[in-house]
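Input: a single structure, listed below in C-alpha cells.
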Amino acid sequence: MKNLASLMKQATQMQSKMEAMQSTLEAMNIEGSAGAGMVQVVLSGKGDMRSIKIDPKLADPEEMEMLQDLIVAACADARKKLDEKAAEEMQKVTGGLNLPPGMKLPF
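Take the sequence shown: its letters are residues 23 to 129, numbered as in the working numbering.
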C-alpha cells in the first residue's frame, strides 16, 4: 500500500506540473517566417494564429500565389517551432520519462 500511495502522490505532482506547463505554453507567442522574413506569423501556444505580417512588396496581385505559399510556409514554420517548444517543456515535466509512441501531451 505504501508504494501505491507514493505512486498516487507522484501522479498528482505530475498532473500539477502538466497544468502549469499548459498554462505556460498557452501564454507563449511563437513566430514563424518565410520568404526571408517577408511573411511572419505568430501562433499562440495552442496553435491559434494571433497575427500575420506581410511585407507590402508582396501585395502585388500578380504574385498572389507566391504570397499564399509564403503564408502557408510561415504557419508551418511557427507550428514546427511550437511543437519543438512543447516537446522541450514536456521533457522538463516528465524528467526524461519516455512516453509511449503516439502519446502526445498535453494536446
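Built from N, CA and C at the ideal position, the CB exists for glycine as well.
Per-residue DSSP class, three states only, for residue i
{"i": "A137", "result": "Residue 137 lies beyond the residue range present for the chain, which begins at 23 and ends at 129; the question has no answer from this structure."}
{"i": "M71", "result": "strand"}
C-alpha gap between residue i and residue j, whole angstroms
{"i": "S28", "j": "S38", "result": "15 Å"}
{"i": "I74", "j": "V94", "result": "11 Å"}
{"i": "E41", "j": "K79", "result": "43 Å"}
{"i": "K107", "j": "Q44", "result": "12 Å"}
{"i": "I76", "j": "M30", "result": "50 Å"}
Spatial neighbours of residue i in its chain, beta-carbon cut-off 6 Å, leaving aside the 5 residues before and after
{"i": "M50", "result": "G67"}
{"i": "I52", "result": "L65, A100, K103, L104"}
Range covered by the alpha helix (DSSP H) that runs through residue i
{"i": "L65", "result": "No alpha helix (DSSP H) holds L65; the beta strand (DSSP E) holding it covers 61-66."}
{"i": "L47", "result": "24-49"}
{"i": "E106", "result": "86-116"}
At least three beta-carbon pairs within less than 8 Å, the region 103-119 to the region 85-92: no
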